[in-house]
Structures are given as C-alpha cells and as structure tokens.
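Input: a single structure, listed below in structure tokens.
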Ligand code: ADP
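In structure tokens:
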C-alpha cells in the first residue's frame with residue numbers, strides 16, 4: 165500500500181521494506197521513530213505528521229494522524245515564546261482596467277532554432293477589440309501562448325496590470341475565456357452537455373443559465389441537443405466560442421476564431437464581438453483581415469515575430485494613402501518596385517492593383533482598402 169495517510173494510523177503493525185529486505189517491523193509509531201532515527205529516505209513518503217515529527221527534536225512518541233500531530237505540537241510549544249509572521253496574500257482580482265504589456269520579448273522553440281518572436285512590443289487593454297493580424301507562421305499563436313503563460317519567454321517581460329505575468333497568471337486564468345486553435349470537442353456529447361461540462365470545470369454556480377445564455381449568444385439554440393459529431397465545421401467553431409464566453413470572463417482570447425465559418429457566420433461573429441468587447445479585454449488572432457475590418461478597435465499587425473503596427477484600422481488605411489494604384493497589366497511589363505495585390509480579368513485585358521512607395525506614372529491612384537494598407541506595410545518591411 166502506498167497511500168499511507170489513512171492506512172498507517174489504522175495499522176497494528178507496519179513492515180518497511182527496502183531492496184528486498186525488511187528494515188523494521190513494528191507498531192506504526194515505532195516505525196516512525198525508527199525511520200526518524202535512521203534518517204531514512206522512506207520518510208519522504210510518510211504522512212505529514214510523521215514528516216514534521218522527523219524535522220523537530222522531540223523525545224515524544226511519533227504522531228500518526230493530523231489530530232495527534234496537532235496535540236504533539238501544542239505540547240511541544242507549551243511555555244515557549246511564539247512569534248507570528250504575516251504571510252502576504254496574493255492579489256485576488258485583476259484591476260478593472262486590465263492592461264497586458266509585452267516589452268521586447270524574444271522567444272524560440274528550441275535552443276539552436278531561430279528566434280520565432282523577435283523583440284515584440286505590445287500593449288492591450290480593456291474596452292477594445294484587439295485583432296492580431298499576420299500571415300501564417302508570423303508568431304500569432306506563439307504570442308497568445310506566451311500571454312497565457314503556456315510558453316515561457318527567453319527575454320523581455322510580460323506584465324499584467326504592471327505586475328510580472330508569473331505573479332498574476334492565476335488571476336488572469338481565473339478570468340479568462342480562451343479558444344485555442346486546435347480546440348478538441350467531445351463528439352459524443354450534445355452541445356448543451358459539453359457546455360455544462362465546461363461550466364463545471366470553470367466552477368460556475370448557476371451553470372444552467374450560463375449555458376443557455378452562451379448558446380443563445382452564438383446562435384446555436386436549434387442545435388443544443390444535437391451531438392457534437394453531427395455539427396458542421398462552423399457550428400463546432402461556434403461551440404468553441406461559446407465555451408470561451410461561459411461565465412462572462414473579463415479577458416477573452418481567441419486564436420483564429422473565424423476558421424471554418426461561412427460568410428454568414430462570419431458576419432454573425434463580427435456582430436457578436438462588437439457587442440462583447442466594451443467591458444472586457446478581447447484579443448483575437450486571424451490571418452483574414454476582412455474579419456476584423458469593420459469591428460476591431462485596435463489592429464495589431466505582426467510579421468516575422470514582431471509587431472509592425474498597432475492602431476485603428478483607419479490609421480493603417482491612412483498610412484497607405486497615395487501608395488495604391490490601378491493599371492493595365494500590359495503597361496507595367498518592366499516596372500520594378502510594384503507590389504501587385506490583385507489581378508482582375510476584364511474584356512479589355514488584365515486590370516492590376518498594386519501598392520508602391522512611389523507609384524509609376526501610368527498607374528491611376530486608388531483609395532486604399534485595409535487589405536491594401538496591410539500589404540503595403542508588409543511589403544515595405546520586406547524591403548528593409
Ligand atoms: P501563426 O500563429 O502566426 O501562424 P505560430 O506562432 O504558430 O504562427 O508559429 C510561428 C513560428 O513558430 C512558425 O515558424 C512555426 O513553424 C514555429 N512553431 C510553432 N509552433 C512550434 C513548435 N511547437 N515547435 C517548433 N516550432 C514551432
């Protein structure tokens with residue numbers, strides 16, 4: 165038997181074996197005393213009262229239960245001067261205006277591998293939708309995992325409300341709704357059963373109401389009793405979003421939440437989150453810039469492990485003014501420095517759209533879209 169806490173005090177006799185021989189065979193208290201006297205490794209496996217007994221000079225009989233241990237300690241401390249010191253309690257709550265900051269963060273997955281995150285700076289706060297946008301492999305998921313404390317950074321700092329993440333991780337997690345990229349669902353459960361289960365894991369009190377609410381929020385009322393295995397990709401994704409929203413968390417982090425959603429579901433999703441952001445910190449990652457265009461307050465553009473831009477979508481669009489043009493493909497045969505962002509076949513030929521630092525004379529200036537501005541930013545970075 166290796167669970168000794170219960171069995172030891174109840175036993176009449178105990179035999180301790182080591183390497184094929186019996187070290188001692190006696191009453192539990194005598195065995196405790198024997199192990200203490202011989203400073204035997206086996207003590208580490210003994211119940212707490214015995215371990216404490218082993219660490220304190222005392223000729224009394226070895227206590228076996230917590231109650232005996234308490235009596236023994238009381239007797240030991242009788243007539244002794246006791247000084248109490250205060251243990252600082254952890255801060256229980258995050259502030260109302262949660263701020264997460266990353267300062268000059270570097271990270272790589274393996275010792276001799278290249279840096280995946282390279283001097284990343286980021287500040288996100290409550291009240292606005294923050295969308296991290298960037299191509300595949302630029303480090304969005306890695307950044308999210310670092311904020312959640314799932315990966316530890318090589319250098320730099322991550323602060324939550326001005327305190328190091330290591331100190332605030334628990335409070336952050338207690339208020340977190342998180343949708344990971346590779347979210348696994350239990351196929352045999354129904355939507356409601358699964359969310360009930362997640363609500364239990366989160367320790368929600370009124371889980372029935374909470375589950376009904378999130379099902380309504382993600383528009384899955386018709387599927388509440390359907391087994392997860394019977395759902396479409398988009399519906400499954402909505403179940404994932406629903407579990408992140410359970411319990412009304414103050415911090416919502418969603419990694420590529422729009423993957424698998426059809427155009428209509430995307431619109432629903434945008435509306436949903438434009439309403440949810442006001443009172444919380446919302447961070448999501450996506451490689452589809454359209455998904456965030458109309459709703460996100462703060463856009464964070466990442467490229468190759470760094471943040472290239474943080475600001476409103478309008479500010480990004482402004483930065484590309486005068487750098488977007490359209491022209492016929494035949495006009496641009498030898499033009500260098502143009503970054504073509506779209507080609508459309510028409511009856512008169514191929515119409516191109518491009519971004520450039522200096523537009524060529526043949527290009528007609530065009531109003532930049534968010535996508536143009538994003539591509540302009542990335543193309544400039546590539547040149548540098
Ligand atoms: P994104 O979310 O922007 O697509 P990731 O953060 O997933 O980017 O990946 C950034 C880089 O880190 C990529 O080059 C990817 O191949 C690499 N990477 C991601 N996860 C791991 C891992 N577990 N081990 C080694 N390399 C990884």
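Residue numbers (the numbering used here): 165 to 548. Ideal Cβ placement from N, Cα and C applies to all residues, glycine included.
Which residues have their C-beta within less than 6 Å of a heavy atom of ligand 1, listed in chain order?
-> 273, 280, 298, 300, 301, 302, 303, 304, 305 and 306
Endpoints, the beta strand (DSSP E) within which residue 265 is located = 263-271
Put residue 397 into one of helix, strand or coil per three-state DSSP.
-> helix
Roughly how many angstroms separate the alpha carbons of residue 262 and residue 292, rounded to a whole number?
-> 11 Å
Whose CA, out of 400, 307 and 327, lies closest to the CA of residue 573?
-> Shown here, the chain extends from 165 to 548; a query on residue 573 therefore has no answer.
Opposing strand residues paired with residue 544 [DSSP bridges] = In the DSSP output, where bridge partners are listed per residue, residue 544 has none listed.
Of all the CB atoms in chain B, is at least one closer than 7 Å to the CB of residue 479?
-> You won't find chain B in this structure, because it holds only one protein chain.
Which two residues bound the contiguous beta strand (DSSP E) that contains residue 282?
-> 281-289
With C-beta atoms as the reference, is residue 320 less than 7 Å away from residue 269?
-> yes
Comparing alpha-carbon positions, which option in 185, 184 and 191 lies nearest residue 171?
-> 191
Please go through the same chain and pick out, in chain order, the residues whose beta-carbon is closer than 7 Å to the beta-carbon of residue 173, but skip the five residues on each side of it.
-> 192, 228 and 229
From the DSSP output, read off the bridge partner residues of residue 416.
-> 341 and 446
For residue 365, count neighbouring Cβ atoms within 10 angstroms of its own Cβ and tell me buried if that reaches 16, exposed if not.
-> exposed
Pair within 7 Å by beta-carbon distance, residue 424 and residue 404 | no
Of all the beta strand (DSSP E) runs that stay within the bounds of the region 301-328, which reach a length of 3 or more residues?
-> 319-324
What does a CB cutoff of less than 6 Å around residue 493 pick up in its chain, not counting 5 residues either side in sequence?
-> 514 and 516
Would you report the Cα separation of residue 125 and residue 377, rounded to the nearest angstrom?
-> An answer regarding residue 125 cannot be provided, because it is not within the stretch 165 to 548 covered by the chain.
In this structure, does DSSP put residue 354 in helix, strand or coil?
-> strand
Start and end residues, beta strand (DSSP E) containing residue 515 = 513-519
In angstroms, rounded to a whole number, what distance separates the CA positions of residue 277 and residue 469?
-> 14 Å
Quick one: what's got a C-beta closer than 7 Å to residue 288's C-beta in the same chain, skipping five residues either side?
-> 264, 294, 445 and 447
Classify residue 364 as helix, strand or coil using the three-state DSSP reduction.
-> helix
Look at the alpha carbon of residue 346 and the alpha carbon of residue 488, and state the distance between them as a whole number of angstroms.
-> 37 Å
Would residue 298 be called buried (16 or more neighbouring beta carbons within 10 Å of its own) or exposed?
-> buried
Contacts around residue 485, its chain only, beta-carbon distance under 7 Å, and the 5 residues preceding and following it disregarded = 532
Beta-carbon separation (whole angstroms), residue 387 vs residue 399, contact threshold 8 Å = 6 Å
Proximity of residue 540 and residue 453 at Cβ, strictly below 7 Å | no
With DSSP run on the structure shown, which of helix, strand or coil describes residue 369?
-> coil
Selection from 337, 509, 223 and 339 that minimises the alpha carbon distance to residue 239 = 223
Across which residues does DSSP place residue 295 in a beta bridge pair?
-> 448 and 463
By DSSP, does residue 424 sit in helix, in strand, or in coil?
-> coil
Note down, in chain order, each residue of its chain lying with its Cβ closer than 8 Å to the Cβ of residue 411, except the 5 sequence neighbours on either side.
-> 341, 363, 366, 368 and 374
Does DSSP classify residue 480 as helix, strand or coil?
-> helix
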